[in-house]
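Worksheet: one structure, shown below.
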Amino acid sequence: MMQHQADNSGISYFFAGLTLIFKKGIKRYTIIPLIINTIIFIALWWFSLHEISLLINWVDTHLPSWLAWLSWLIYLIAILALLLFSAYLFTAIALIIAAPFYSFLAEKVQKQLTGQEVGSELTFAKLMLIAPKSIAREFKKLLSFLPWVLIILLCYFIPVINLFTSILWFALLCWFNVVQYADYAFDNNEISFPQMKKQLSQQKSLSLGFGFITTVFLMIPFFNILVIPAAIAGTTKMYVDHWHNTRLSHAE
């Protein structure tokens, strides 16, 4: 089995994932998800631009003249909040639609790193077999975050507090993203969702560092198309370095 020195920087694992998805033997498992991501991105980018335009018109109409000097700050906060929400939607929709393909991507990345087979070769029959399970697990993950999403959305209607919704969104997305992407490697290795969250929370700086950089890049147009496969590859490497090798050592 190949040995890898564990890195304690979550940020570095994202860039490692970005390199991994273009390696021979892994590239082909990235193509279909990238096509799906591109279609979703175009739709959500159009939606975001439309909503930002409506938002600016609403602020121009309703903002009192004596607060006109604050308009730039209100625009900035509102646009940032909308971009964060769009990043959340992009992730949620893309992961649900392409969930089975991402499971295979995580398998092949783990094989590349460990030299050991995790799953069988991708076939149409296997894809149809695991698709319901993968999509159901995605919904389970999304539902676990839904109460927090609703709380933050309610904050938009509370004066003063609504100025900090962008910060709340960002903090939630940092945790949401590492949980979402790490789950593929953990699930492939038959580790339950609650156990995965527990293990990630035990290494907060590693997990949140990865979630931070992933959330930032998800807000960058066009580049965010690559973010999901890179994040899945990166968290798979993170799993191998910090948890998989440890499990094997304990088993021995």
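The numbering of the sequence shown is this note's numbering, which starts it at 2 and goes up by one.
Backbone N, C-alpha and C fix where the C-beta goes; we use that ideal spot for every residue, glycine too.
Separation of L130 from Y182, as counted between CA atoms
Taking the first residue of the sequence shown as position 1, residue 182 is located at position 181. Taking the first residue of the sequence shown as position 1, residue 130 is located at position 129. Y182 and L130: Cα-Cα distance of roughly 21 angstroms.
Between the beta-carbon of D184 and the beta-carbon of F194, is there less than 8 angstroms?
Residue 184 sits at position 183 when you count from the first residue of the sequence shown. Residue 194 sits at position 193 when you count from the first residue of the sequence shown. Contact flag set, yes.
With W170 as the anchor, note down where its alpha helix (DSSP H) starts and where it stops.
As a first step, residue 170 is located in the sequence shown; it is residue number 169 there, counting from the start. Per DSSP, W170 belongs to the alpha helix (DSSP H) from 166-189.
Anticipated Cβ contact below 8 angstroms, L96 with Y103, distance rounded:
As a working note, residue 96 is residue 95 in the sequence shown. As a working note, residue 103 is residue 102 in the sequence shown. Contact flag correct, Cβ pair sits at about 7 angstroms.
T31 and P230: beta carbons closer than 8 angstroms?
Along the sequence shown, read from residue 1 onward, the residue named residue 31 stands at position 30. Along the sequence shown, read from residue 1 onward, the residue named residue 230 stands at position 229. Yes.
Coil, strand or helix - Y103 by DSSP:
The count along the sequence shown starts at 1 and reaches residue 103 at position 102. In the displayed model, Y103 falls within a helix according to three-state DSSP.
Best match in Y89, K134, T62 for proximity to S49 [C-alpha to C-alpha]
What you label residue 49 is simply residue 48 of the sequence shown in a count that begins at 1. Checking every option, the nearest Cα to that of S49 belongs to Y89.
Apart from the five residues just before and just after I12, which ones in its own chain have a Cβ nearer than 6 angstroms to its Cβ?
In the sequence shown, the residue the question calls residue 12 occupies position 11. G210, I214, listed in sequence order.
Inter-stretch contact (C-beta, 8 angstroms, three-pair minimum) for the segment 190-208 and the segment 45-59
no
Determine whether the beta carbon atoms of T20 and Q111 lie at a separation below 8 angstroms.
What you label residue 20 is simply residue 19 of the sequence shown in a count that begins at 1. What you label residue 111 is simply residue 110 of the sequence shown in a count that begins at 1. Not closer than 8 angstroms, so no.
Verify whether the separation of the beta carbon atoms of I78 and S167 is less than 8 angstroms.
For the purposes of this step, residue 78 is identified with residue 77 of the sequence shown, where counting begins at 1. For the purposes of this step, residue 167 is identified with residue 166 of the sequence shown, where counting begins at 1. Their beta carbons are under 8 angstroms apart, which means I78 touches S167 by this criterion.
Selection from E118, F91, S206, T216 that minimises the alpha carbon distance to T39
Taking the first residue of the sequence shown as 1, we reach residue 39 at position 38. Comparing Cα-Cα distances from T39 to each of E118, F91, S206, T216, the minimum goes to F91.
Using a threshold of 8 angstroms, state whether the C-beta atoms of A100 and I136 are closer than that.
Position 99 of the sequence shown holds residue 100. Position 135 of the sequence shown holds residue 136. Going by C-beta atoms, A100 is nearer than 8 angstroms to I136.
Rounded separation between M2 and H243 - CA only:
Position 1 of the sequence shown holds residue 2. Position 242 of the sequence shown holds residue 243. Only weak support is given to the placement of M2: the predicted model assigns it a pLDDT of 47, under 50, and the value that follows is read from those uncertain coordinates. Near 15 angstroms, if we compare the C-alpha coordinates of H243 and M2.
What residue from F16, V241, N178, H51 has the CA that sits closest to F146's CA?
Here residue 146 refers to the residue found at position 145 of the sequence shown. Measuring from the Cα of F146, the nearest candidate turns out to be N178.
Between which residues of its own chain and A252 is the CB-CB distance below 8 angstroms, once the five residues before and five after are set aside?
By one-based count along the sequence shown, residue 252 stands at place 251. A caution first: A252 carries a pLDDT of 45, below 50, which makes its placement in the model unreliable, though a value can still be read off. Correct list: empty, nothing qualifies.
Determine whether the beta carbon atoms of F105 and I226 lie at a separation below 8 angstroms.
For the purposes of this step, residue 105 is identified with residue 104 of the sequence shown, where counting begins at 1. For the purposes of this step, residue 226 is identified with residue 225 of the sequence shown, where counting begins at 1. No. Outside cutoff.
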